[in-house]
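S.K.: When the letters of the sequence shown are read in order and numbered with my numbering, they come out as residues 5 to 200. Even for Gly, the Cβ is constructed at its ideal location relative to N, Cα and C.
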Amino acid sequence: MSAHESMEHAEHAEHASGENRKIALLIAIIALCLALSETLGKGAQTESISKNVEASNLWAFFQAKSVRRTVVQTAAEQLKVTSGLITDDAVKAAATKQLDDWQKTAARYRSEPETGEGTEQLAEKAKHAEEERNLAAAKYHHFEIASAAFQIAIVLASATIITGILALAWISGGLALAGIAFTAIGLFAPHAVHLF
Numbered sequence: 005m006s007a008h009e010s011m012e013h014a015e016h017a018e019h020a021s022g023e024n025r026k027i028a029l030l031i032a033i034i035a036l037c038l039a040l041s042e043t044l045g046k047g048a049q050t051e052s053i054s055k056n057v058e059a060s061n062l063w064a065f066f067q068a069k070s071v072r073r074t075v076v077q078t079a080a081e082q083l084k085v086t087s088g089l090i091t092d093d094a095v096k097a098a099a100t101k102q103l104d105d106w107q108k109t110a111a112r113y114r115s116e117p118e119t120g121e122g123t124e125q126l127a128e129k130a131k132h133a134e135e136e137r138n139l140a141a142a143k144y145h146h147f148e149i150a151s152a153a154f155q156i157a158i159v160l161a162s163a164t165i166i167t168g169i170l171a172l173a174w175i176s177g178g179l180a181l182a183g184i185a186f187t188a189i190g191l192f193a194p195h196a197v198h199l200f
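(1) Would Phe147 pass as a contact of Gly45 if the rule is Cβ separation under 8 Å?
(2) Can you tell me the Cα-Cα spacing of Ser87 and Arg112, whole angstroms?
(3) Using the Cα positions of Ala182 and Leu38, report the straight-line distance between them to the nearest angstrom.
(4) When DSSP labels each residue in this structure, what does Arg25 get in the three-state scheme?
(5) When you compare the stretch 54-67 with the stretch 131-151, are there three or more beta-carbon pairs, one atom per stretch, that lie closer than 8 Å?
(6) Three or more C-beta pairs under 8 Å: does that hold for the stretch 21-34 against the stretch 91-102?
(7) Is it buried or exposed for Thr74, if we count other Cβ within 10 angstroms and need 16 for buried?
(8) Short check: CB of Ile149 to CB of Phe186, under 8 Å?
(9) Mind pulling the alpha helix (DSSP H) runs of 4 or more residues that sit fully within the stretch 121-172?
(10) Buried or exposed: which applies to Lys101, given that a residue is buried once 16 or more other Cβ atoms fall within 10 Å of its Cβ?
(11) Could you give the DSSP three-state label for Gly47: helix, strand or coil?
(12) Taking the straight line between their C-alpha atoms, what separation do you get for Gln49 and Leu103?
(13) Compute the Euclidean distance between the alpha carbons of Thr131 and Trp63, then round it to the nearest angstrom.
(14) Could you work out which residue in Ile189, Ile27, Leu29 is closest to His145 when comparing CA atoms only?
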């Protein structure tokens with residue numbers, strides 16, 4: 005090998021080494037983005053599950069209150085029907101008082117703003133928890149898409165080092181930008197894009 009050929013070979017190796025460093029830096033940046041999107045995704049997934057449990061619990065409480073209200077209303081209706089048959093004034097007064105108590109209890113089961121445990125308040129809380137669950141789920145899906153884009157980008161950038169095909173690095177960079185875009189959508193506008 006002549007000195008000229010050795011020099012060209014050394015320049016080529018130095019150029020390839022510089023390109024590999026750039027690709028390695030690209031991989032490191034994409035890996036950082038991947039770690040962030042995965043962390044955000046797990047947080048959103050946990051929140052979605054938590055809000056789903058909360059909504060389920062609230063709807064179960066709503067159903068229990070509805071059943072109690074129905075039982076009390078049924079008893080009150082039955083007492084209304086049978087109270088006409090009562091002739092004793094003391095018994096009639098007691099029945100009227102009981103009827104009034106049951107009607108107040110049924111009304112309280114329907115709406116209890118001071119405790120927030122009436123069926124109206126429980127339904128409102130459950131719907132709010134469902135909305136929060138849906139928001140967290142939308143965020144989670146975008147973070148998952150971003151993570152997939154980052155993972156594929158890392159594979160393509162790694163393939164660039166092995167094959168020397170720079171087009172793979174450009175595709176990798178494009179996928180990384182798409183991943184960043186989906187991460188931003190997940191953070192700031194999760195309902196803007198509907199893929200699922």
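M.R.: The relevant details are as follows:
(1) Against the sequence shown, residue 147 aligns to sequence position 143. Against the sequence shown, residue 45 aligns to sequence position 41. The answer is yes: Cβ separation under 8 Å.
(2) Residue mapping note: residue 87 aligns to position 83 of the sequence shown, counting from 1. Residue mapping note: residue 112 aligns to position 108 of the sequence shown, counting from 1. Going by the C-alpha atoms only, they are around 23 Å apart.
(3) Counting from one through the sequence shown, the residue named residue 182 turns up at place 178. Counting from one through the sequence shown, the residue named residue 38 turns up at place 34. Between Ala182 and Leu38, the alpha-carbon positions lie close to 12 Å from each other.
(4) Taking the first residue of the sequence shown as position 1, residue 25 is located at position 21. Helix at Arg25.
(5) yes
(6) Contact check between the stretch 21-34 and the stretch 91-102: fewer than three CB pairs, one atom from each, fall below 8 Å, which does not count as touching.
(7) Here residue 74 refers to the residue found at position 70 of the sequence shown. Exposed is the call here.
(8) Taking the sequence shown and counting its residues from 1, one reaches residue 149 at position 145. Taking the sequence shown and counting its residues from 1, one reaches residue 186 at position 182. The answer is yes: Cβ separation under 8 Å.
(9) 123-167
(10) The sequence position of residue 101 within the sequence shown is 97, counting from 1. Burial call: exposed.
(11) By 1-based counting over the sequence shown, the position of residue 47 is 43. Gly47 falls in the helix class under three-state DSSP.
(12) As a working mapping, residue 49 is identified with position 45 in the sequence shown. As a working mapping, residue 103 is identified with position 99 in the sequence shown. C-alpha separation (whole angstroms): 49 Å.
(13) One-based indexing of the sequence shown puts residue 131 at position 127. One-based indexing of the sequence shown puts residue 63 at position 59. For clarity, residue 131 is Lys in the given sequence; the question names Thr instead. About 9 Å.
(14) For the purposes of this step, residue 145 is identified with residue 141 of the sequence shown, where counting begins at 1. Nearest of Ile189, Ile27, Leu29 to His145, Cα basis: Ile189.
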